[in-house]
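Report on the structure given below.
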Amino acid sequence: MKNRKIKGLFAFLTRDVYLARLITLMALWMIFMAVFKFDSFYSVINFQTMASQFPEYGLMALGIMLCMITGGIDLSVVGVANFASIITGMILKMMVDPNGKLPLIGIPAAILGGLLIGAAAGALNGLLISKVKIPPILCTLGSYELFTGIAILFTKGKAISGFPDAYSATISGKLFSVIPMQLVFFVIMAAVLAFLLNRTTYGTKLYMLGTNMKAAKFSGLKTDRLLIKTYMLSGVCAALGGVVMLANYNSARADYGTVYTLQCVLIVVLGGVSTIGGKGRISGVVLAICVLQMLSSGLNRFPQVSSFFIPLIWGGVLIIIMILNHFTENKKIKSPKVVLQALKSPKM
Amino acid sequence: MPQILKKLTQRNEFYIFLVILALSFVIELRSGQFFTPNNIVDLASAMIVPGLFAIGTFMVIVSGGIDVSFPALASLSVYATTSTLFDLKYTGNMWLPIVMSLGIGALLGAVNGILIAAFNLPPLIVTLGTSSLFRGFMLGVLGATQMPVIPKGMSTFGTSALFIAKNATSGLTSRMPVAIIALVVVLVIAYFFLYHTMLGRGIYAIGGNEASAYRAGFNVRQIKFLLYVAVGVISSLAGLIRVCMMTQDHPTNMLGMEMMIIAGVVLGGTAITGGAGSLTGCMLGTALIVIVQNSLILLGVPTFWQGFFLGMLILIGTGVSASQVMRSSNVSKMKKTRRAS
Numbered sequence: 001m002k003n004r005k006i007k008g009l010f011a012f013l014t015r016d017v018y019l020a021r022l023i024t025l026m027a028l029w030m031i032f033m034a035v036f037k038f039d040s041f042y043s044v045i046n047f048q049t050m051a052s053q054f055p056e057y058g059l060m061a062l063g064i065m066l067c068m069i070t071g072g073i074d075l076s077v078v079g080v081a082n083f084a085s086i087i088t089g090m091i092l093k094m095m096v097d098p099n100g101k102l103p104l105i106g107i108p109a110a111i112l113g114g115l116l117i118g119a120a121a122g123a124l125n126g127l128l129i130s131k132v133k134i135p136p137i138l139c140t141l142g143s144y145e146l147f148t149g150i151a152i153l154f155t156k157g158k159a160i161s162g163f164p165d166a167y168s169a170t171i172s173g174k175l176f177s178v179i180p181m182q183l184v185f186f187v188i189m190a191a192v193l194a195f196l197l198n199r200t201t202y203g204t205k206l207y208m209l210g211t212n213m214k215a216a217k218f219s220g221l222k223t224d225r226l227l228i229k230t231y232m233l234s235g236v237c238a239a240l241g242g243v244v245m246l247a248n249y250n251s252a253r254a255d256y257g258t259v260y261t262l263q264c265v266l267i268v269v270l271g272g273v274s275t276i277g278g279k280g281r282i283s284g285v286v287l288a289i290c291v292l293q294m295l296s297s298g299l300n301r302f303p304q305v306s307s308f309f310i311p312l313i314w315g316g317v318l319i320i321i322m323i324l325n326h327f328t329e330n331k332k333i334k335s336p337k338v339v340l341q342a343l344k345s346p347k348m
Numbered sequence: 001m002p003q004i005l006k007k008l009t010q011r012n013e014f015y016i017f018l019v020i021l022a023l024s025f026v027i028e029l030r031s032g033q034f035f036t037p038n039n040i041v042d043l044a045s046a047m048i049v050p051g052l053f054a055i056g057t058f059m060v061i062v063s064g065g066i067d068v069s070f071p072a073l074a075s076l077s078v079y080a081t082t083s084t085l086f087d088l089k090y091t092g093n094m095w096l097p098i099v100m101s102l103g104i105g106a107l108l109g110a111v112n113g114i115l116i117a118a119f120n121l122p123p124l125i126v127t128l129g130t131s132s133l134f135r136g137f138m139l140g141v142l143g144a145t146q147m148p149v150i151p152k153g154m155s156t157f158g159t160s161a162l163f164i165a166k167n168a169t170s171g172l173t174s175r176m177p178v179a180i181i182a183l184v185v186v187l188v189i190a191y192f193f194l195y196h197t198m199l200g201r202g203i204y205a206i207g208g209n210e211a212s213a214y215r216a217g218f219n220v221r222q223i224k225f226l227l228y229v230a231v232g233v234i235s236s237l238a239g240l241i242r243v244c245m246m247t248q249d250h251p252t253n254m255l256g257m258e259m260m261i262i263a264g265v266v267l268g269g270t271a272i273t274g275g276a277g278s279l280t281g282c283m284l285g286t287a288l289i290v291i292v293q294n295s296l297i298l299l300g301v302p303t304f305w306q307g308f309f310l311g312m313l314i315l316i317g318t319g320v321s322a323s324q325v326m327r328s329s330n331v332s333k334m335k336k337t338r339r340a341s
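So this is what it looks like as structure tokens:
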């Protein structure tokens, strides 16, 4: 029985190269950290800190993953997140009564407001991509600029802060005083998306759309509606990331987290999502998020290594993984016809 | 004459030009300051660095690729050059810095080129990765910090003027930097290269259809590799000029420019899928962005409207060109079916 289980695990790992690679990377890093910095890395506090840090960008990465499965990309997530966090913050400030108390409904209402903004922003992206047929990369690049611009208009370029403490205390608090609330948000969202992708027709349609847009259209899928839904979901993910960001920083500004765009695309590619669409699993992306958070948190334990090395390592890891993919995937290509097809490289 | 007009109205560049014209007249009407000599010279000098970046980006986009690493690449090569020369107490003229930074730029461009051409990896992801890599190398390994002083030769180059324009009414003067010559030279070389050499035509061919270009006998990999090297060189030149003109080196100051430059190139009618676009359009699109960035103040619009306007501009510009592509493909389809029946 036990033997079969191990065999099954082994078969699973060899079937999915991306997951196997990420698990190996994570294991190696964990061993490395255990050897050199056991005490400071393997502590409850460190893991709690990590779990409260990654949901910010993890949520945005989940949104990008959805869009990339359809063959598109969403570069506007950071803009949406900042916009949503500013709106959430403004609603919070409005709800405070003269005594400085926040009514019970205040926090859910503010979060809901932020999520609605995210959905609306995503719907705009989806509409422009599906109906006006702007290439996703350009459309979301422009809308990033637009959402950031609107956010600047709302705040006049300044940071807004001074929210009631209850908000930050709730969102960056701990469930059962162990599990950070941010992690709970992330897990819920990831679970919902995993359910959507693996257990519903929406997920199946999404993969089909990403594999071949034309075939999907001719087999009767409402591709436009599907795209709009997907970008809306991505917007909601990003907005939730913004809500978490608001709690973590206890302030909101139009230009927070600008490095997250690149970071999220990197995570999604590391997680094994194909940039031309149709392929990718939520487990890979979640694992990639964990690996990267462990890498950067682990590096912070070495004071002699400046934190500026983190982008260097991330970029290096991304490129090495891509080269590895190139070699593993090229083994399958044999006939010259396929080579010629492969030469027509994927366009974003 | 009507034929020329018809040809003109079919081109994207014509509409961008009209938009620029309309915008400048609105600004002129509101402020009376747009068509003054010093404002024009200011705009031209603000155009140098984005213009150079745009030429590189334009070539990559025409080839069907994309490069988001050029600000990081330029920052790294320029920082490496300036800090080494500064440590060596270099006092000579401009040529050594130019050769050094362009050399480093070519090397870094070759990294992109190898990854994209030899391994056939998607350009967006590769350049996202190398962008992170270059930035990390500059800040981590080189330990880049702000350099308030740069070698003398470089700062004199950056501040020397070709001529000085004076505003008769307000008495304000503006210098036309010597560096504008670099933009003109690169533009001429790029024009000759793209339209009169086989390599340049190959870039368009690859952007149109890579498999067809390969079948037609173009050495696709070689062209792609050389292209990314060229982009590295042009971007480094732009970075160097920017540092010289500011007479100090903020290593992270250029990062984040990539979105704006790509937006300008695409606004100028370059197809993001590759194969179509003109240098004229690319320059006009970049000029439009530069004008929006520099002249909104003249209109009395507070600066925090900038992002909003730029975003709208990108979305409307790309939306219009996307719907044009859609319509033209529909028309050709209709013609085909009519002929068939």
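Residue numbers (our numbering), protein chains in the order written: chain W, 1 to 348; chain P, 1 to 341.
Backbone N, C-alpha and C define an ideal beta-carbon position, used for all residues, glycine too.
Just so you know, these numbers come straight off a predicted model, no measurement behind them.
Is there a C-beta anywhere in chain W that falls below 7 Å from the one on residue 322 of chain P?
In the second sequence, residue 322 of chain P corresponds to position 322, counting from 1. So, interface residue.
Distance CB(residue 221 of chain P)-CB(residue 117 of chain P) smaller than 7 Å
As a first step, residue 221 of chain P is located in the second sequence; it is residue number 221 there, counting from the start. As a first step, residue 117 of chain P is located in the second sequence; it is residue number 117 there, counting from the start. Contact flag set, yes.
Excluding the 5 residues preceding and the 5 following residue 281 of chain W in the sequence, name in chain order all residues of the same chain whose CB lies nearer than 7 Å to its CB.
Taking the first sequence and counting its residues from 1, the one referred to as residue 281 of chain W is at position 281. Taken in chain order, the residues that qualify are 272.
Return the Cβ separation of residue 229 of chain P and residue 72 of chain P in integer angstroms, given the expectation that the two are a contact with Cβ distance under 8 Å.
Counted from its first residue, the second sequence places residue 229 of chain P at position 229. Counted from its first residue, the second sequence places residue 72 of chain P at position 72. Actually they are not in contact, since the Cβ atoms of residue 229 of chain P and residue 72 of chain P sit about 16 Å apart, beyond 8 Å.
Indicate whether at least one CB of chain P lies closer than 7 Å to the CB of residue 308 of chain W.
Position 308 of the first sequence, counted from the first residue, corresponds to residue 308 of chain W. Yes, because at least one Cβ of chain P sits closer than 7 Å to the Cβ of residue 308 of chain W.
Cα-Cα separation, residue 293 of chain P to residue 308 of chain P
Residue numbering aside, residue 293 of chain P sits at position 293 when the second sequence is read from its first letter. Residue numbering aside, residue 308 of chain P sits at position 308 when the second sequence is read from its first letter. About 11 Å.
Measuring alpha carbon to alpha carbon, tell me which residue in W:61, W:35, W:36 is nearest residue 234 of chain W.
Position 234 of the first sequence holds residue 234 of chain W. That would be W:61, whose Cα lies nearest to the Cα of residue 234 of chain W.
C-beta neighbour in chain P for residue 17 of chain W, strict 7 Å
In the first sequence, the residue the question calls residue 17 of chain W occupies position 17. Chain P, which has no Cβ nearer than 7 Å to the Cβ of residue 17 of chain W, makes this no.
So within the region 93–131 of chain P, which uninterrupted beta strand (DSSP E) runs reach at least 3 residues, ignoring any that extend past its ends?
Runs found: none.
Buried or exposed: where does residue 74 of chain W fall if 16 or more other Cβ atoms within 10 Å of its Cβ makes it buried?
Within the first sequence, numbered from 1, the residue matching residue 74 of chain W stands at position 74. By the neighbour-count rule (16 or more Cβ atoms within 10 Å), residue 74 of chain W is buried.
Cβ closer than 9 Å: which chain P residues qualify as neighbours of residue 314 of chain W?
Locating residue 314 of chain W in the first sequence gives position 314, where the first residue counts as 1. Those within 9 Å of residue 314 of chain W in chain P are 129, 132, 133, 136.
Give me the Cβ distance between residue 318 of chain P and residue 134 of chain W, rounded to the nearest whole Å; I'm assuming they're in contact under 8 Å.
The residue you call residue 318 of chain P lines up with position 318 of the second sequence. The residue you call residue 134 of chain W lines up with position 134 of the first sequence. Indeed they touch by this definition, with Cβ atoms about 5 Å apart.
Interface positions of the region 294–315 of chain P facing chain W (Cβ-Cβ less than 9 Å), listed along the chain:
302, 303, 304, 305, 306, 307, 308, 309, 310, 311, 312, 313, 314, 315
Could you give the C-beta distance for residue 13 of chain P and residue 284 of chain P, rounded to a whole number, given that I count them as a contact under 8 Å?
If you number the second sequence from 1, residue 13 of chain P lands on position 13. If you number the second sequence from 1, residue 284 of chain P lands on position 284. The pair is a contact, with the Cβ atoms about 6 Å apart (cut-off 8 Å).
Backbone CA spacing between residue 118 of chain W and residue 246 of chain W [nearest angstrom]:
Taking the first residue of the first sequence as 1, we reach residue 118 of chain W at position 118. Taking the first residue of the first sequence as 1, we reach residue 246 of chain W at position 246. Distance between the alpha carbons of residue 118 of chain W and residue 246 of chain W is about 14 Å.
In its own chain, which residues sit with a C-beta less than 8 Å from the C-beta of residue 104 of chain P, not counting the 5 before and 5 after it?
For the purposes of this step, residue 104 of chain P is identified with residue 104 of the second sequence, where counting begins at 1. Answer for residue 104 of chain P: 76, 77, 80, 81, 236, listed in chain order.
Every unbroken beta strand (DSSP E) within the region 272–334 of chain W, with a cutoff of 3 residues, ordered by chain
none
So the alpha helix (DSSP H) residue 31 of chain P belongs to, where does it begin and stop?
Translated into positions along the second sequence, residue 31 of chain P becomes position 31. It spans 12–31 - the alpha helix (DSSP H) in which residue 31 of chain P sits, taken as one unbroken run.
Inter-residue spacing [alpha-carbon to alpha-carbon] between residue 234 of chain P and residue 278 of chain P
Start at 1 with the first residue of the second sequence, and residue 234 of chain P comes out as number 234. Start at 1 with the first residue of the second sequence, and residue 278 of chain P comes out as number 278. Rounded to the nearest angstrom, the two C-alpha atoms are 18 Å apart.
Measure from the alpha carbon of residue 67 of chain P to the alpha carbon of each residue in P:300, P:32, P:45, P:272, then state which is nearest.
Taking the second sequence and counting its residues from 1, the one referred to as residue 67 of chain P is at position 67. Among P:300, P:32, P:45, P:272, the Cα nearest to that of residue 67 of chain P belongs to P:272.
Less than 7 Å between the C-beta atoms of residue 274 of chain P and residue 62 of chain P, yes or no?
On the second sequence, position 274 is the one that residue 274 of chain P refers to. On the second sequence, position 62 is the one that residue 62 of chain P refers to. It is a contact, given that the beta carbons lie within the stated cut-off.
Could you name the residues of the same chain whose beta carbon sits closer than 8 Å to that of residue 92 of chain W, not counting the 5 residues immediately before and after it, in chain order?
As a first step, residue 92 of chain W must be located in the first sequence, where it is residue number 92. 102, 106, 107, 110, 163, 164, 167.
Mind checking who residue 280 of chain P pairs with in its DSSP beta bridge?
Taking the second sequence and counting its residues from 1, one reaches residue 280 of chain P at position 280. None, per the DSSP bridge assignment.
CA-to-CA distance, residue 325 of chain W to residue 262 of chain W, given in whole angstroms:
What you label residue 262 of chain W is simply residue 262 of the first sequence in a count that begins at 1. What you label residue 325 of chain W is simply residue 325 of the first sequence in a count that begins at 1. Answer to the nearest angstrom: the Cα atoms are 20 Å apart.
Return the chain-ordered list of same chain residues with a C-beta closer than 6 Å to the C-beta of residue 314 of chain P, the five sequence neighbours on each side being excluded.
Mapped onto the second sequence, residue 314 of chain P falls at position 314. For residue 314 of chain P, where only same-chain residues beyond five positions count, the Cβ hits under 6 Å are 263.
Is the Cβ of residue 340 of chain W closer than 7 Å to any Cβ of chain P?
To locate residue 340 of chain W, count along the first sequence from 1; it is residue 340. The pLDDT assigned to residue 340 of chain W is 49, lower than 50, so where the model puts this residue is not dependable, and the model offers no usable value.
Chain-ordered residues of the region 264–286 of chain W with a beta carbon less than 7 Å from chain P:
265, 266, 269, 275
In chain P, which residues lie with their C-beta within 7 Å of the C-beta of residue 146 of chain W?
Here residue 146 of chain W corresponds to residue number 146 of the first sequence, with the count starting at 1. Simply 308, 311, 312, 315.
Residue 160 of chain W - partner residues in DSSP beta bridges
As a working mapping, residue 160 of chain W is identified with position 160 in the first sequence. Paired residues: W:252.
Using the C-alpha atoms, what's the distance from residue 295 of chain W back to residue 306 of chain W?
For this step, residue 306 of chain W is matched to residue 306 along the first sequence. For this step, residue 295 of chain W is matched to residue 295 along the first sequence. About 13 Å.
Neighbouring residues, chain W, relative to residue 119 of chain P (Cβ below 8 Å)
Numbered from 1 along the second sequence, position 119 holds the residue referred to as residue 119 of chain P. By Cβ distance, chain W contributes 322, 323, 326.
Under the DSSP definition of a beta bridge, which residues are partnered with residue 344 of chain P?
The structure shown does not extend to residue 344 of chain P, since chain P spans only 1 to 341, so no value can be given for it.
Within this structure, are the beta carbons of residue 155 of chain P and residue 165 of chain P separated by less than 7 Å?
Translated into the one-based positions of the second sequence, residue 155 of chain P becomes position 155. Translated into the one-based positions of the second sequence, residue 165 of chain P becomes position 165. No, these two residues do not count as a Cβ contact at 7 Å.
Could you give the distance in angstroms between the alpha-carbon of residue 252 of chain P and the alpha-carbon of residue 138 of chain W?
Translated into the one-based positions of the second sequence, residue 252 of chain P becomes position 252. Translated into the one-based positions of the first sequence, residue 138 of chain W becomes position 138. Between residue 252 of chain P and residue 138 of chain W, the alpha-carbon positions lie close to 24 Å from each other.
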